[in-house]
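One line per chain: the protein sequences are A and B, in this order.
As numbered in the numbering used here, the first sequence has no gaps in its residue numbers, which increase by one up to the final residue, 548.
As numbered in the numbering used here, the second sequence has no gaps in its residue numbers, which increase by one up to the final residue, 203.
For glycine and all other residues, C-beta sits at the position ideal for the given N, C-alpha and C.
No experiment lies behind these values; they were computed from the predicted model shown.
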Amino acid sequence: MRLARLGSFHQCRLSFMRVLLRQLKNENWQFSRPRFDIDASGVGVAVYEMNGPSHTYSLICFAHHLPAELRSDRVIAEAWDATFALFDGVPSTGDIERLANNVPRQEAGRLSGREISLSRANRSVRLFDYTIECLADGRQPDPGRIDDVGYVMRTTAVYGSGKFGAADRETIADRPELNAPFQAEMLAVFLIRAFTLDIVEHLAQVRAPEKAVVLSPDLRRRFGVGNSTGLGLAPFIINHPVLLNNWIAARETALARVRSILQAAKAEIRLFHELVRRAQTNTANWRSEHPLQLTKLADLKGDLARLSAHLRNGALDKPFPWDQLYLWAEANLSLEGQEQLVSLVLEPHAGLIDSLAATMSANEGADFAIDGAMSIKRLRAILEDIYGWAFEIDWANPANIARVWYVSEEKLEPRLGERFEEPIEPFEQPLCPGRDAACLYQALDGWGSDNIVAAFLLRHPEHRHIVRRAQIANRYVYAEIRDNMLDAALLPIDLLRCKLAFFGATHFDPRSDRWVRINMFRGAPFPHEVCGADRASTQCIDDGLYLKPANS
Amino acid sequence: MSHSLNELEALTKRAARGAGYAWGHAEEAGKAARWLAGYALPSTELLAAHLNQMQGREHAPWTPHATDVPWRCDGAMLCPLLTGAALSDRAFLLAEDEPIEFADTAFPLLLAPYIAAVARRIDRVIVLSWVNASLSIGGHGLSIAASYGELTVHHASMVTCRASRASGNDCKAPSATRVTIASRDLSVLSQLAARCYAPATESSRLLGAGAGLTDND
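Structure follows, in structure tokens:
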């Protein structure tokens, strides 16, 4: 559980986006677009509807006119190209009117318990107008230019879980279709993607009614929906240790199951070879200008080439082939390559793995209460076991506590500051369990082994939070990340990438150490394809994320 | 204004922190607010009043001596959040069937969520009572014999809790999924919560987050 590895995760079968796509197909969801009132300038309202076995969900889209100087990915932005709400059911005219007064204001508006998710998106200036131009001219955009960006619009926040008055997750989590993590948010993004391509085709049509064409289905799928993620997401996996544990445990269990296979079936070997080829294409299409990512990409390219060669030498023809392959990867590949390999070996084993998605939510309330009867001796042992690495760190050294996590009063935007350069220490959020555990361990000096945690906490309320964490981490082996979150060299993008990989994101493109652009659903079918009449022809519903080469 | 329970929990946690509670207590206060709201019991009204009286003060005098009989503190009144947490840490005491008493407790209803945590841990129904008020608190349900006025007293001179032999079959599960917060209470809690936020400055805006101020790419 180290950030360097978590920050090298790739999407896999258990990613939430893929869980959603499989569910939409297997449960026979129906898709329709009951409203698309967008005018010639790209302003208006649209509604996208998904009907499941027991519930209907509607994405309500508001398209706006946004002057370029107001276009920003930041939480503190106040206007956007498009804003969205995922509605629980079919919205009435009154609902849409109410939402028209609130959704475009985003954090400044209010939602009701009928709304599940709130989001917004901005145009990719690089690709939005270019695509319209091509289509209006009766031709398809160049695949290379599409791949350079990968989306015509990108979301800059997708809120759920009761934010701004929306429905709490607890009120909908019992629904089978929403039980796996972030399914509502993934559904919203899936529908947003459809909207972004629809609006581009619409504007081309408006520009040149006689001449305009729509995107060819293959090219259309090469567009995902982008996303810009910053520090708002970073604390999540620190603040939800049980949930993080369950995600990692599912992935580790999946890997263990595959590694225990005695012999690889021919079909699986064929598929695996194909996927390695497609992973290489993926890597070739993966654009970034960030020096860190460029290094990782170079490593990954090299790793995949080594993997290819290793496979050509019959790597899968041995007993316990996947286990041997994994061990070979550990010894021969960079972290990027190792984690890419993990994702790849899971791919051919749907039957073994897909059911693990049901184990990835968490009842966080169940582990919240502190066990005050625990002895000081036991607590010390737990701290040594889980946080021993933190005891080795000199917490008085400024380089080790250079950073401070805080929340700005500006729209409550989470930020990461420099402890010794800005006056923000009084506002520090508790996001470094390692340091807190080291402080706790010191504070236990002088307390008798047989005394109890309850007595200690009555005297030392300042350690209550870390005691709770330590007891949780003791029960859940993957709950705690063993890294210093205040280090001068901390890369928050590692935190972001871990969570985003579980979402199913691809094409991580860090723009700084704390901000990343990604792509969601690139290569995937569209709602009308997953739920449409040609459903039967959509073969592997969710492996499109490994793009076929453009000419294949 | 209608709020989700998540909003209530987050606001209460930050307000408690702003009122001087440690993060561990603040997060439990957030859960406590949520528990009360789930049963449509007064939450923000009492929390706003209590956090208001705790902010700017030393909390030690309000902290129980958990080995006294009844529990008391050095100051005039026990803080129900600190007392509830201390009781929750000592759930085993109630499993022994002996009553626990608290002298001079502020806003005794605020103890109820912590007692529910004990009830879950020891799998018993626990009766929490003070003059003219009695709550049977199970791990997953609640039954009340008290008027609104009696539930929302600002102070009780003696509060008792005791594990009961009752089955808990007449305890009703929580059913509220939203909470309405009076604007006066919202204002008090928001102001306390705002103490957790760093002031906006030009350099913080430029350096603290990631993306630029305009993103036209």
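Does any C-beta atom of chain B lie closer than 9 Å to the C-beta of W443(A)? Numbered from its first residue, the first sequence carries residue 443(A) at position 447. No, its Cβ sits nowhere closer than 9 Å to a Cβ of chain B.
Spatial distance of V145(B) from R67(A) (CA atoms): For the purposes of this step, residue 145(B) is taken as the residue at position 159 of the second sequence. For the purposes of this step, residue 67(A) is taken as the residue at position 71 of the first sequence. Their backbone Cα atoms lie some 58 Å apart in a straight line.
Taking its Cβ as the centre, do 16 or more other Cβ atoms sit within 10 Å of R0(B), making it buried, or is it exposed? Your numbering for residue 0(B) matches position 14 in the second sequence. Result: buried.
If you drop the 5 nearest sequence neighbours on each side, which residues of the same chain put their C-beta closer than 7 Å to that of V238(A)? Residue mapping note: residue 238(A) aligns to position 242 of the first sequence, counting from 1. So the qualifying residues of the chain are A358, E360, D363, I468, Y472, A475.
Using the beta-carbon of each residue, which ones in chain B are nearer than 7 Å to I557(A)? Outside the displayed range of chain A (-3 to 548) lies residue 557(A), so it cannot be described from this structure.
Assign K207(A) to one of two classes, buried (16 or more other C-beta atoms within 10 Å of its C-beta) or exposed (fewer than that). Indexing the first sequence from 1 puts residue 207(A) at position 211. Classification for K207(A): exposed.
Where S189(B) meets chain A, residues with beta-carbon distance less than 8 Å: As a working note, residue 189(B) is residue 203 in the second sequence. Near S189(B) (Cβ distances below 8 Å), the residues of chain A are E418.
When the cut-off is 9 Å and only beta carbons count, does A215(B) lie next to chain A? Nothing about residue 215(B) can be read from this structure; chain B reaches only from -13 to 203.
Extent of the continuous alpha helix (DSSP H) to which F504(A) belongs: Here the question's residue 504(A) lines up with position 508 in the first sequence. That residue, F504(A), is in no alpha helix (DSSP H); its beta strand (DSSP E) goes 502 to 508.
Considering only residues of the stretch 171 to 211 of chain A, which uninterrupted alpha helix (DSSP H) runs meet the minimum length of 4 residues and lie entirely inside it, listed in chain order? 179 to 203
Nearest-angstrom beta carbon gap, Q136(A) and L211(A) [assumed within contact, 8 Å]: Along the first sequence, one-based indexing puts residue 211(A) at 215. Along the first sequence, one-based indexing puts residue 136(A) at 140. 7 Å between Cβ atoms; contact.
Spatial neighbours of R122(A) in its chain, beta-carbon cut-off 6 Å, leaving aside the 5 residues before and after: Here the question's residue 122(A) lines up with position 126 in the first sequence. Once the five neighbours on either side are set aside, the close Cβ partners of R122(A) are V145.
Return the residue from the list K17(B), H51(B), A46(B), A15(B) that minimises the CA-CA distance to A578(A). This structure cannot settle anything about residue 578(A), because the visible part of chain A is limited to -3 through 548.
Assign A532(A) to one of two classes, buried (16 or more other C-beta atoms within 10 Å of its C-beta) or exposed (fewer than that). As a working mapping, residue 532(A) is identified with position 536 in the first sequence. With a pLDDT of only 49 at A532(A), under the threshold of 50, the placement of this residue in the model should not be trusted; the figure read from the coordinates follows. The residue in question, A532(A), is exposed, as its Cβ has fewer than 16 Cβ neighbours within 10 Å.
Where L68(B) and F83(A) are concerned, what is the direct C-alpha to C-alpha distance, given to the nearest angstrom? Stepping through the second sequence from its first residue, residue 68(B) is reached at position 82. Stepping through the first sequence from its first residue, residue 83(A) is reached at position 87. C-alpha separation (whole angstroms): 40 Å.
Express the C-alpha separation of G194(B) and Q425(A) in angstroms, rounding to a whole number. Against the first sequence, residue 425(A) aligns to sequence position 429. Against the second sequence, residue 194(B) aligns to sequence position 208. When rounded, the distance between both Cα atoms is 14 Å.
Can you tell me whether A532(A) is helix, strand or coil according to DSSP? In the first sequence, the residue the question calls residue 532(A) occupies position 536. Because A532(A) sits at a pLDDT of 49, beneath the cut-off of 50, its placement in the model cannot be relied upon, and the following sentence gives the value as read from the coordinates. Reduced to three states, the DSSP call for A532(A) is helix.
Quick one, which residues of the stretch 344 to 373 of chain A are near chain B if we go by CB-CB under 9 Å, in chain order? G361, A362, F364, A365, I366, D367, G368, A369
Which same chain residues end up closer than 7 Å to R20(B) when comparing Cβ atoms and leaving out the 5 residues on each side of it in sequence? Position 34 of the second sequence, counting from 1, holds the residue named residue 20(B). Excluding positions up to five away in sequence, the list reads L(-9), L(-6), E(-5).
Using beta carbons (cut-off 9 Å, strictly below), is H36(B) in contact with chain A? As a working mapping, residue 36(B) is identified with position 50 in the second sequence. Not an interface residue.
Within 10 angstroms of the Cβ of S512(A), are there 16 or more other Cβ atoms? Answer buried if so, exposed if not. Numbered from its first residue, the first sequence carries residue 512(A) at position 516. In the sequence on display, residue 512(A) carries Val and not Ser. Looking at its Cβ environment, which holds 16 or more other Cβ atoms inside 10 Å, V512(A) is buried.
Shortest alpha-carbon distance to V196(A) belongs to which of R171(A), K495(A), D77(A), H459(A)? Start at 1 with the first residue of the first sequence, and residue 196(A) comes out as number 200. The shortest C-alpha separation from V196(A) is found at D77(A).
Compare the beta carbon distance of L454(A) and T49(B) with 9 Å and say whether it is the shorter of the two. Along the first sequence, read from residue 1 onward, the residue named residue 454(A) stands at position 458. Along the second sequence, read from residue 1 onward, the residue named residue 49(B) stands at position 63. It is a contact, given that the beta carbons lie within the stated cut-off.
Cross-chain neighbours of V168(B) in chain A, by beta carbon under 9 Å: Stepping through the second sequence from its first residue, residue 168(B) is reached at position 182. Per the sequence shown, the amino acid found at residue 168(B) is Ala instead of Val. Ordered by position in chain A, no residue passes the 9 Å Cβ test against A168(B), which lies about 16 Å from the chain.
Any C-beta of chain A sitting closer than 9 Å to the C-beta of R106(B)? Stepping through the second sequence from its first residue, residue 106(B) is reached at position 120. Judged by the 9 Å Cβ criterion, R106(B) is in contact with chain A.
Do you know whose CA, among L379(A), G226(A), A261(A), lies nearest A433(A)'s CA? What you label residue 433(A) is simply residue 437 of the first sequence in a count that begins at 1. The residue with the shortest Cα to Cα distance from A433(A) is L379(A).
Do the stretch 226 to 244 of chain A and the stretch 477 to 489 of chain A meet, that is, are 3 or more Cβ pairs less than 8 Å apart? yes
Does the beta carbon of K159(A) come closer than 9 Å to any beta carbon on chain B? The residue given as residue 159(A) occupies position 163 in the first sequence. It does: the Cβ of K159(A) has a partner Cβ on chain B nearer than 9 Å.
Per DSSP, cross-strand counterpart(s) of A42(A): Taking the first sequence and counting its residues from 1, one reaches residue 42(A) at position 46. Its beta-bridge partners are F32(A), C57(A).
Check whether the stretch 214 to 224 of chain A touches the stretch 282 to 291 of chain A, taking contact to mean three or more Cβ pairs, one atom from each stretch, closer than 8 Å. no
Tell me which residues of the stretch 392 to 419 of chain A have at least one Cβ-Cβ distance to chain B shorter than 8 Å, keeping chain order. Y402, V403, S404, E405, E406, L408, E409, P410, R411, L412, G413, E414, E418
What three-state label does DSSP hand A546(A) in the structure shown? The residue given as residue 546(A) occupies position 550 in the first sequence. Its pLDDT being 47, under 50, A546(A) is placed unreliably by the model, and the measurement read from it follows with that caveat. In this structure, A546(A) counts as coil in the three-state DSSP scheme.
Check this for me: beta carbons of P506(A) and A230(A), under 9 Å apart or not? Position 510 of the first sequence holds residue 506(A). Position 234 of the first sequence holds residue 230(A). Their beta carbons are not under 9 Å apart, which means P506(A) does not touch A230(A) by this criterion.
Does the CB of D69(A) have a neighbour CB from chain B at under 9 Å? Here residue 69(A) refers to the residue found at position 73 when the first sequence is read from its first residue. Taking Cβ atoms only, chain B reaches closer than 9 Å to D69(A), which makes this a yes.
Which residues of chain A have a Cβ atom closer than 9 Å to the Cβ of L(-9)(B), listed in chain order? Position 5 of the second sequence, counted from the start, is the residue given in the question as residue -9(B). Here the neighbours are G158, D164, E166, T167.
Are the stretch 485 to 505 of chain A and the stretch 1 to 14 of chain A touching, with three or more C-beta to C-beta distances below 8 Å? yes
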